[in-house]
Amino acid sequence: MMKNLFTIVFILIASTNSAFCDAISETRKQEILQILKHDCGSCHGMTLKGGLGPSLLPKDLKRMSEKQIVLTITLGRPGTPMPPWEPFFNNEETHWLAQQLLNGVTFSKTSLKPLNNASNNENNHQ
Ligand code: HEC
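When the sequence shown is numbered by this note's numbering, its final residue is 127 and no position is left out of the sequence of numbers.
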């Protein structure tokens, strides 16, 4: 009985966690880009050119494989300020994020849509 319950819970988690290719919704992609800009940007620079953390521009990251970047984001770098992001992104989302970094992300106003109306006001204190 318990085993069946675990199986059902596991399937539910796996299916809501976008475990399949291209299952990341547009809204979630925008959300990840917001996190990249504001959270990663607080250490790596708002334009990702580097700050406390190194540059995340494609020319500087291309020495790493996508897998290495995914591992760095997932686990962080113990002993450095780079935190693990495992609680925030699932595996597929981390791969998508690593691909965005390798391809180069630009934060133009038009490519970043506000997630909801309330978030518009938050820009003032950023
Ligand atoms: C609290 C500061 C901080 C935050 C927030 C942060 N990082 Fe980092 N990150 C660092 C530091 C410092 C390093 C360098 C660690 C080292 O010395 O190896 C690093 C390293 C990295 C590297 C490896 C770069 C390289 O050239 O070796 C990647 C990729 C990376 N971070 C991505 C991210 C992403 C993506 C986010 C947001 C989801 C993020 N980081 C958020 C501080 C941060």
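Every residue gets a Cβ at the ideal spot worked out from N, C-alpha and C, and that includes glycine.
What you are looking at is a predicted structure, and each value in this text was computed from that prediction instead of being measured.
Output the distance between the C-alpha atoms of Gly-77 and Phe-108, rounded to the nearest integer angstrom.
24 Å
Rounded C-alpha distance that separates Thr-111 from Gln-69:
Any reading at Thr-111 must be qualified, since the residue scores a pLDDT of 48, below 50, and its modelled position is unreliable; the value itself is stated next. Taking the straight line joining both Cα atoms gives about 31 Å.
Could you check whether the Cβ of Ser-26 sits closer than 7 Å to any heavy atom belonging to ligand 1?
no
Less than 8 Å separating the beta-carbons of Glu-67 and Ala-24?
no
If you compare alpha carbons, which of Leu-102, Ser-26 and Glu-27 is closest to Thr-65?
At residue 65 the sequence reads Met, which differs from the Thr that was named. Closest by alpha carbon: Leu-102.
Could you give the uninterrupted runs of the alpha helix (DSSP H) lying entirely in the region 15 to 85, keeping only those of 4 residues or more?
27 to 36, 42 to 45, 59 to 62 and 67 to 76
For Glu-87, which of helix, strand or coil comes out of DSSP?
coil
Locate the alpha helix (DSSP H) running through Thr-95, then write down its first and last residues.
92 to 104
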